[in-house]
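Read through the structure below, which is laid out as structure tokens, and then see the notes.
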Amino acid sequence: MDLIESNQLANEKEHWWIKTRFRYILRALNLIDSEQQQILEVGCGTCQNLAFLRESPHLSSQIHRVVGFDPLFKDIPKFSWQKTEDVFVNTLPATSKKSFDCLLAMDVLEHLQDDEHHLRLWLDYMHDDGIILITVPAFPSLWSYHDELLHHYRRYTKKTLLSLTEKVGLRPVLLTYAFSYVFPLVYLIRKLSRKQSNTDLQQSHFLINAILYSLGKTEAFFGGNPFFGTSVVGIFTDANSNRNSLLQ
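Following our numbering, the numbering of the sequence shown begins with 1420 at its first residue and continues without gaps.
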């Protein structure tokens, strides 16, 4: 979660939007053969993704180390779930280059004026056969005050994300849209609502939360929506990798 939104949810890991994103993390990690995985998350914010990995016994046992990087960290956080090997930093050390099996960049690139430059920097930390999971907000037509409040530079489509990743030498294993089931409602809200002080990420009634998560989990199981959604989700690897594509 973006640090700007960190005070808006009482229990962020149970929010339908965040829990649905966990399904794509699982899909990415299932592509990694190593049983001693090293995971790097850039722009980790409140670290709910890394907490999910560590608090899931079947996942944590196959992960040797997680590293959370966020340049907005004023104080380096400590968590009850972190292990001795886990590190949280506000600068990336050069000594960790070529160390990681999986890179998580979830709703980060849209905050960066030069997204290509930063993506190249992050890829220096990846093994040659590593997996990269990228999520970004979808469709410029959904641009609203929500994006301005979160200091976004852009929204993406599958085509523009593919163009960016090809420039830095990546190949898609999966490239899709997510949250298609809320797209019509989000579109209407974005076009009709006035400026507001809060972002879209709000606490939902438990029943609505359960329904939306069920829809998101089902959509993720089928690999997302190829046509539209409020997020673009991409799983990538090096262009020279022998990994099979999940694209239809």
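Heads up, the beta-carbon is just placed ideally off N, CA and C, and yes, glycines get one too. On a predicted model such as this, the values are computed, not experimentally measured, just so you know.
Checklist entry - What are the start and end residues of the alpha helix (DSSP H) that includes Pro1476? => result On the sequence shown, residue 1476 is found 57 positions in, with the first residue counted as 1. Looking at the DSSP string, the run of the alpha helix (DSSP H) that includes Pro1476 is Pro1476 to Ser1479.
Checklist entry - Could you give the C-beta distance for Gly1643 and Tyr1596, rounded to a whole number, given that I count them as a contact under 8 Å? => result For the purposes of this step, residue 1643 is taken as the residue at position 224 of the sequence shown. For the purposes of this step, residue 1596 is taken as the residue at position 177 of the sequence shown. Yes, they are in contact, since the Cβ atoms of Gly1643 and Tyr1596 sit about 6 Å apart, within 8 Å.
Next on the checklist: Taking 8 Å as the threshold (C-beta atoms), are Asn1509 and Phe1492 in contact?
Outcome noted: Numbered from its first residue, the sequence shown carries residue 1492 at position 73. Numbered from its first residue, the sequence shown carries residue 1509 at position 90. In contact: Phe1492 and Asn1509 (Cβ atoms closer than 8 Å).
Checklist entry - Pro1556 by DSSP, collapsed to three states: which one? => result Against the sequence shown, residue 1556 aligns to sequence position 137. Reduced to three states, the DSSP call for Pro1556 is strand.
Checklist entry - Is it right to say Tyr1572 is buried, meaning 16 or more other beta carbons lie within 10 angstroms of its own, or is it exposed? => result Indexing the sequence shown from 1 puts residue 1572 at position 153. Classification of Tyr1572: exposed, given that the 10 Å Cβ count is below 16.
Checklist entry - Since Gln1457 sits in a beta bridge, which residues does DSSP pair it with? => result In the sequence shown, counting from the first residue as 1, residue 1457 sits at position 38. Per DSSP, Arg1484.
Item to check | the segment 1543-1560 touching the segment 1519-1528, judged by at least three CB pairs closer than 8 Å | outcome: yes
Next on the checklist: For a test of the three-state rule: what should DSSP assign to Asp1533, helix, strand or coil?
Outcome noted: Locating residue 1533 in the sequence shown gives position 114, counting from the first residue. Coil at Asp1533, not helix or strand.
Next on the checklist: Per DSSP, what are the beta-bridge partners of Phe1519 in this structure?
Outcome noted: The residue you call residue 1519 lines up with position 100 of the sequence shown. Note: Phe1519 sits in a beta bridge opposite Met1545.
Checklist entry - Which residues in the same chain have their Cβ closer than 8 Å to the Cβ of Ser1660, if we skip the five residues on either side of it in sequence? => result Within the sequence shown, numbered from 1, the residue matching residue 1660 stands at position 241. Within the same chain, Ser1660 has close Cβ partners Asp1547, Asp1548 and Arg1590.
Item to check | Residue from Pro1512, Gly1588 and Phe1507 whose Cα sits closest to the Cα of His1536 | outcome: Indexing the sequence shown from 1 puts residue 1536 at position 117. Comparing Cα positions, the closest option is Gly1588.
Next on the checklist: What would DSSP say about Ile1495, mapped onto helix, strand or coil?
Outcome noted: In the sequence shown, the residue the question calls residue 1495 occupies position 76. Coil.
Checklist entry - Nearest-angstrom Cα distance between Leu1445 and Arg1473? => result As a working mapping, residue 1445 is identified with position 26 in the sequence shown. As a working mapping, residue 1473 is identified with position 54 in the sequence shown. Spanning the two alpha carbons is a distance of roughly 13 Å.
Item to check | Extent of the continuous alpha helix (DSSP H) run through Phe1647 | outcome: What you label residue 1647 is simply residue 228 of the sequence shown in a count that begins at 1. From DSSP, Phe1647 is part of no alpha helix (DSSP H); its letter is neither H nor E.
Item to check | Any chain D beta carbon closer than 8 Å to Trp1541 | outcome: In the structure shown, chain D cannot be found, because there is only a single protein chain.
Item to check | For Ile1553 and Tyr1443, the rounded distance between their alpha carbons | outcome: Locating residue 1443 in the sequence shown gives position 24, where the first residue counts as 1. Locating residue 1553 in the sequence shown gives position 134, where the first residue counts as 1. If you take the alpha carbons of Tyr1443 and Ile1553, they lie about 10 Å apart.
Item to check | Distance CB(Ile1451)-CB(Ile1551) smaller than 8 Å | outcome: Numbered from its first residue, the sequence shown carries residue 1451 at position 32. Numbered from its first residue, the sequence shown carries residue 1551 at position 132. Taking 8 Å as the Cβ cut-off, Ile1451 and Ile1551 do not qualify as a contacting pair.
Checklist entry - Going by C-alpha distance, which of Val1652, Phe1598 and His1477 is nearest Leu1581? => result In the sequence shown, the residue the question calls residue 1581 occupies position 162. It is Val1652.
Item to check | CA nearest to the CA of Pro1559, picked from Val1527, Arg1539, Arg1609 and Asp1534 | outcome: Counting from one through the sequence shown, the residue named residue 1559 turns up at place 140. Among Val1527, Arg1539, Arg1609 and Asp1534, the Cα nearest to that of Pro1559 is on Arg1609.
Checklist entry - Using the beta-carbon count (16 or more within 10 Å), is Phe1471 buried or exposed? => result Residue mapping note: residue 1471 aligns to position 52 of the sequence shown, counting from 1. So Phe1471 ends up on the buried side.
Checklist entry - Is the Cβ-Cβ distance between Phe1641 and Ser1599 less than 8 Å? => result Locating residue 1641 in the sequence shown gives position 222, where the first residue counts as 1. Locating residue 1599 in the sequence shown gives position 180, where the first residue counts as 1. No, these two residues do not count as a Cβ contact at 8 Å.
Next on the checklist: So, for Gly1487: in the same chain, excluding its five sequence neighbours on each side, which residues have a beta-carbon less than 6 Å away from its beta-carbon?
Outcome noted: Mapped onto the sequence shown, residue 1487 falls at position 68. Answer for Gly1487: Glu1460, Cys1463, Cys1466, Leu1469 and Phe1507, listed in chain order.
Item to check | Coarse secondary structure for Gly1464, derived from DSSP in three states | outcome: Position 45 of the sequence shown, counting from 1, holds the residue named residue 1464. In this structure, Gly1464 counts as coil in the three-state DSSP scheme.
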